[in-house]
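Participant:
Residue numbers (the working numbering): 13 to 247.
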């Protein structure tokens, strides 16, 4: 978010934003938000390039498809367009030990499959229906951002992941190169600026906080006539 905001504040339609992406995926909502952040670049009219050196799968590939161009190293994993949900259910184990669990809900499908509570066929069917709905949104998202995949989306949205050398044949990536190659080539025609968030020096912060605490204790214990207690420090 911070890096994108900086790019949009300082950049223009003549600039290219390059994102080196490494992700095997994760929670739908978080990766949807990350993709929306990348969408800001294209909405602002800047060119967006995503470079994948090792993996952009599932949610990672969701993010990658926001780019105008996807570059990937030959053996990078791409794709894995699918949705998965894993929910361990311990209801039978609890019953075996005479532990009763009561799950109270309002709304027919407030809970479908959960850690506790009976799992019904209706609940399982609803959970699968919800996964299929998310999967369809995933596929629609890809088709909007990579129109060339509209005709073959069901062939590449099977949950499988491919090496980039195979993925390029399926239209999942646009070119085979590492991020280093892309940036080295860009240096010949552009001024390349590396944007990263400012990191906090936690070791130094700890030392300063310790020193401040010691100083405060010293002033508190000193004679009132000789010292004045300092103002609190915000570090």
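C-beta atoms are modelled at their ideal positions from N, C-alpha and C, and glycine is treated no differently.
None of the values given here were measured: they were computed from a predicted structure.
DSSP beta-bridge partners for residue 188?
Facilitator: Note: residue 188 sits in a beta bridge opposite 84.
Participant: Can you tell me the Cβ-Cβ gap for residue 74 and residue 150, rounded? I've got them flagged as a contact below 8 Å.
Facilitator: Contact holds; Cβ gap of about 7 Å.
Participant: Report the partner residues of residue 67 according to the DSSP bridge assignment.
Facilitator: DSSP output for residue 67 lists 89 as bridge partner(s).
Participant: Does the beta-carbon distance from residue 61 to residue 30 come in below 8 Å?
Facilitator: Going by C-beta atoms, residue 61 is nearer than 8 Å to residue 30.
Participant: Please indicate yes or no: does the CB of residue 206 lie closer than 7 Å to some heavy atom of the ligand MN?
Facilitator: Looking at this structure, you won't find the ligand MN or any other ligand, since it has none at all.
Participant: Buried or exposed, going by whether 16 or more other CB atoms sit within 10 Å of the CB of residue 189?
Facilitator: Per the 10 Å Cβ criterion, buried.
Participant: Just the Cα atoms here: how many angstroms apart are residue 239 and residue 209?
Facilitator: In this predicted model, residue 239 has a pLDDT of only 39, less than 50, meaning its place in the structure is not dependable enough to derive any value.
Participant: Any idea which residues DSSP pairs residue 17 with across the strands?
Facilitator: According to DSSP, which records beta bridges pairwise, residue 17 is partnered with nothing at all.
Participant: Assess contact between the segment 82-95 and the segment 159-176, defined as three or more Cβ pairs (one per stretch) separated by less than 8 Å. Is contact present?
Facilitator: Flag = yes, the segment 82-95 and the segment 159-176 touch.
Participant: What are the boundary residues of the alpha helix (DSSP H) that residue 41 is part of?
Facilitator: Start and end: 40-55.
Participant: Among the residues of its own chain, which have a CB less than 8 Å from the CB of residue 235, if the five just before and after it don't count?
Facilitator: Since pLDDT at residue 235 reaches only 48, below the 50 mark, its modelled position is unreliable, and the value read off the structure follows with that caveat. Result list for residue 235: empty, nothing under 8 Å.
Participant: For residue 187 and residue 86, I'd like the C-alpha separation in whole angstroms.
Facilitator: Their backbone Cα atoms lie some 9 Å apart in a straight line.
Participant: To which residues does DSSP link residue 30 through a beta bridge?
Facilitator: Its beta-bridge partners are 61.
Participant: Give the C-beta separation of residue 101 and residue 125 to the nearest angstrom, bearing in mind that I take them to be a contact with Cβ-Cβ under 8 Å.
Facilitator: 7 Å between Cβ atoms; contact.
Participant: For the alpha helix (DSSP H) containing residue 269, list its first residue and its last residue.
Facilitator: The structure shown has nothing for residue 269, since the chain only spans 13 to 247.
Participant: To the nearest angstrom, how far is the alpha carbon of residue 58 from that of residue 142?
Facilitator: Each residue's Cα considered, the two are about 35 Å apart.
Participant: For residue 191, which residues in the same chain have their Cβ closer than 6 Å to its Cβ, ignoring the five residues on either side in sequence?
Facilitator: Closer than 6 Å at the Cβ level, and outside the excluded window around residue 191, lie 32, 63, 65.
Participant: Could you give the residue range of the beta strand (DSSP E) that holds residue 175?
Facilitator: 173-175 is the extent of the beta strand (DSSP E) around residue 175.
Participant: How many angstroms separate the CA atom of residue 47 from the CA atom of residue 159?
Facilitator: Answer to the nearest angstrom: the Cα atoms are 17 Å apart.
Participant: Pull up the DSSP beta-bridge partners for residue 35, would you.
Facilitator: Its beta-bridge partners are 68.
Participant: Using the Cα positions of residue 110 and residue 37, report the straight-line distance between them to the nearest angstrom.
Facilitator: Going by the C-alpha atoms only, they are around 39 Å apart.
Participant: Report all residues from its chain with a CB closer than 6 Å to the CB of residue 81; omit the five preceding and five following residues, and keep chain order.
Facilitator: The answer, listed in chain order, is 61, 186.
Participant: Distance check for residue 135 and residue 121, CA to CA, integer angstroms please.
Facilitator: Answer to the nearest angstrom: the Cα atoms are 7 Å apart.
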